[in-house]
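Scroll down for the structure; my scribbles are underneath it.
There are 2 protein chains.
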Amino acid sequence: MIITRRRVLRDEQLFCVDEPFQTMYAVRFGHFKTFRVNLNGERQILGFPMTSDVLGLDAIGPARHASSVVALENSEVCAIPFTHFEQLSADLPSLQHHFYRVLGHAITRDQSAMLVMGKMRAEQKFAAFLVNLSTRYADRGYSPLRFRLRMSREEIGNYLGLTVESVSRLLLRFKQKGLLRIDHRGVNITDRAGMEALATGQTTAEPIASRVHKPPLVAADHQFK
Amino acid sequence: MIITRRRVLRDEQLFCVDEPFQTMYAVRFGHFKTFRVNLNGERQILGFPMTSDVLGLDAIGPARHASSVVALENSEVCAIPFTHFEQLSADLPSLQHHFYRVLGHAITRDQSAMLVMGKMRAEQKFAAFLVNLSTRYADRGYSPLRFRLRMSREEIGNYLGLTVESVSRLLLRFKQKGLLRIDHRGVNITDRAGMEALATGQTTAEPIASRVHKPPLVAADHQFK
DNA sequence: CGCCGACTTGACATTAATCAAATGTAGTGG
DNA sequence: CCACTACATTTGATTAATGTCAAGTCGGCG
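Protein chains in written order, with the working numbering: chain E, 8 to 232; chain F, 8 to 232.
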C-alpha cells in the first residue's frame, strides 16, 4: 500500500465537499478545521482535527466527501488510498479491527459534540470546548494547561453556535473568575478543576474570589510544533 | 453467522451504556431513543432510530456501549454478533464494504445533527427536526406528510436542546403559520415547502396570511406499523 | 369519577444576539 | 523602520429569543 506524505499550508484546502472519496488522511502534525456549507451558504465548522486524528472518514458512506477540510497552520498529513486500504484490511484482521475502532471513535466523538451543543448554555459550551482541547493536548503529550488557540474567535463561535462577541465576553468572564489567563491566542488554564466544574454544569453559586494564585502568564509566542 | 430476532417492549432497554459490546442491532420495526447521561446525571437524547437503522455502532471503538437505547413502542430488532460479523466480513469483501458504508453514514448523520444543534434557532431546529422525520418516513415508504410522533414533547425538547414549553409554543406557531396540523401526537404537514424553507433558514419576512387551504385533520389514532 | 402525567398557556427573568463603535494587531509597501 | 490598511478582537447599549416559574387544561386509565 502506497502511503504518501503531503504538506498542507495554512489556509490551504486538503479536500473539498462533494469531491469523490479516494483517500483518507492521518494528520502527522498541524491543525485543521472541518466544515460544511448549509443550504443558506453559511459555513458550519464541525471540528478542529489535530495530530493523529484521521480525516475524510465521513466520506466512506456516500463515496463523496461530506465536509471540507482546511489547514489552520502549516501541517502535514499521510494520504492513505482507501481502496488499497480496504483490500489490505481484508487480509489483515488486526488492521480491519483497528479501523473499526477508529470509525467507532469518530462516531462517539461526534455524539459527544452533540451533547455539548444541545443542552449547554454558552458559558458551559465554551468551558467544555476548552477542557476538550486541554485533554486532547494532554493525550498528545503536550501541556494541558498552556496551549495556543489555532483558530480565531470567529471560528470558535461558529463551532459552538455563538457569536464572536459572546466568545469574547466569555473569555473575559473566565479571566475574571480566575479560571484562565489569555494573551492573544495563548491560553493558560489556571484552574482546571473550576473549568471542568463549569463544563459539567456543577457550578454552585460561585464562591467569588478564591483560588487566585497567579501562575506566570504565557509568553505570547509559544507554539507546539 | 447466527442472527436472532428480539422483541423489545415499550420503555424496555435494548442495551445500556458501559455494557460490553458484543452485538449490533438492526431495527426490524418500531421506534427507539438513544441517549447518554452526562456527568450531572441529566439525560441527553442523541437520536430516534427507527426501522432499518442500526444500533450500537458507537460501541465499536471503545468496546463498550457509549449510549443506552430504549424502545418508544413495541419493536423488534435483529441481533448481530459483532465478532462473528467481523470474521465473516473479512471473507466477504462486499459485506465489509457495505459495513463501511453504514459506519460512514452514521458519521455523516451525526454531523448533520451537529449542524442543526449548533447554528440554528429554536424555530429552525424544530422545523429541521420535522423535515428530517418526514424524509425518513418517505425513505421507508410511509407518508412524509402524515405521521405520528412516537416521542413526547419533553423528549423532542431534550433532543433539540429546548424546553418542553418552547416545543409546545413552536407547535402552536407552526399551526398558526399554516405549516401543519397537529392532534396530540398526530402530525399532518400541510406546507412541506414552507417547512423546509424555515428549516434551511430561507425565511424572508413572512407573508402573514397566505397558503391557508386546510386539508382534513388527521385521525387521532393513525399509526405506522 | 377522580387522579396523574402530558401538554398548554401566561407572566416574567435571563441569556445571548444584534447593532454600533472603538481598539488592537498583523501585514504590506514605501 | 514606520505609516497605513485590513482584519481581528473587545466593549457598550439595546433588543429579541428562550428559559423559568406557576397555573391551568386535557385525556387516559384505574
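Note that CB positions come from ideal geometry on N, CA and C, so glycine has one too.
With contact defined as three or more Cβ pairs closer than 8 angstroms, the region 85-95 of chain E and the region 32-51 of chain F are not in contact. In the DSSP assignment, residue 40 of chain E forms a beta bridge with E:77. The Cβ atoms of residue 202 of chain E and residue 186 of chain E lie closer than 7 angstroms to each other. Contacts with chain E (Cβ-Cβ distance below 8 angstroms) from the region 17-48 of chain F involve 43, 45, 46 and 47, listed in chain order. Linking residue 49 of chain E to residue 127 of chain F through their CA atoms gives a straight-line distance of about 11 angstroms.
Residue F:153 holds the alpha-carbon nearest to the alpha-carbon of residue 141 of chain F among F:153, F:132, F:166 and F:104. Look at the beta carbons and you see the region 25-33 of chain F touching the region 54-66 of chain F: at least three pairs across the two are nearer than 8 angstroms. Residue 201 of chain E sits in a helix when the DSSP states are folded into three classes. With contact defined as three or more Cβ pairs closer than 8 angstroms, the region 129-138 of chain F and the region 162-176 of chain F are in contact. Cβ-Cβ distances below 7 angstroms link residue 80 of chain F to 17, 37, 38 and 157 in the same chain, with the five nearest sequence neighbours on each side left out; the list follows chain order. Residue pairing of residue 196 of chain F in beta bridges, as defined by DSSP: F:187. Residue burial is scored here from C-beta neighbours: residue 44 of chain E has fewer than 16 other C-beta atoms within 10 angstroms and is therefore classed as exposed. For residue 125 of chain F, the secondary structure class from DSSP, reduced to helix, strand or coil, is helix. The criterion of a C-beta distance shorter than 7 angstroms is satisfied by residue 160 of chain E and residue 174 of chain E. When Cβ-Cβ separations below 7 angstroms define contact, residue 117 of chain E makes contact with chain F.
The DSSP-derived three-state label of residue 173 of chain E is helix. Residue 68 of chain E is positioned such that its CB atom lies closer than 7 angstroms to that of residue 112 of chain F.
Annotated three-state conformation of residue 51 of chain F is strand, per DSSP. When the Cα atoms are used, residue 194 of chain F and residue 92 of chain E turn out to be separated by approximately 46 angstroms. Not a single CB atom of chain F sits nearer than 7 angstroms to the CB of residue 190 of chain E. Any Cβ of chain E closer than 7 angstroms to the Cβ of residue 120 of chain F would place that residue at the interface, and such an atom is present.
Beta-bridge partners of residue 83 of chain E (DSSP): E:14 and E:36. One finds nothing in chain E with a Cβ atom closer than 9 angstroms to the Cβ of residue 163 of chain F; even the nearest lies about 12 angstroms away.
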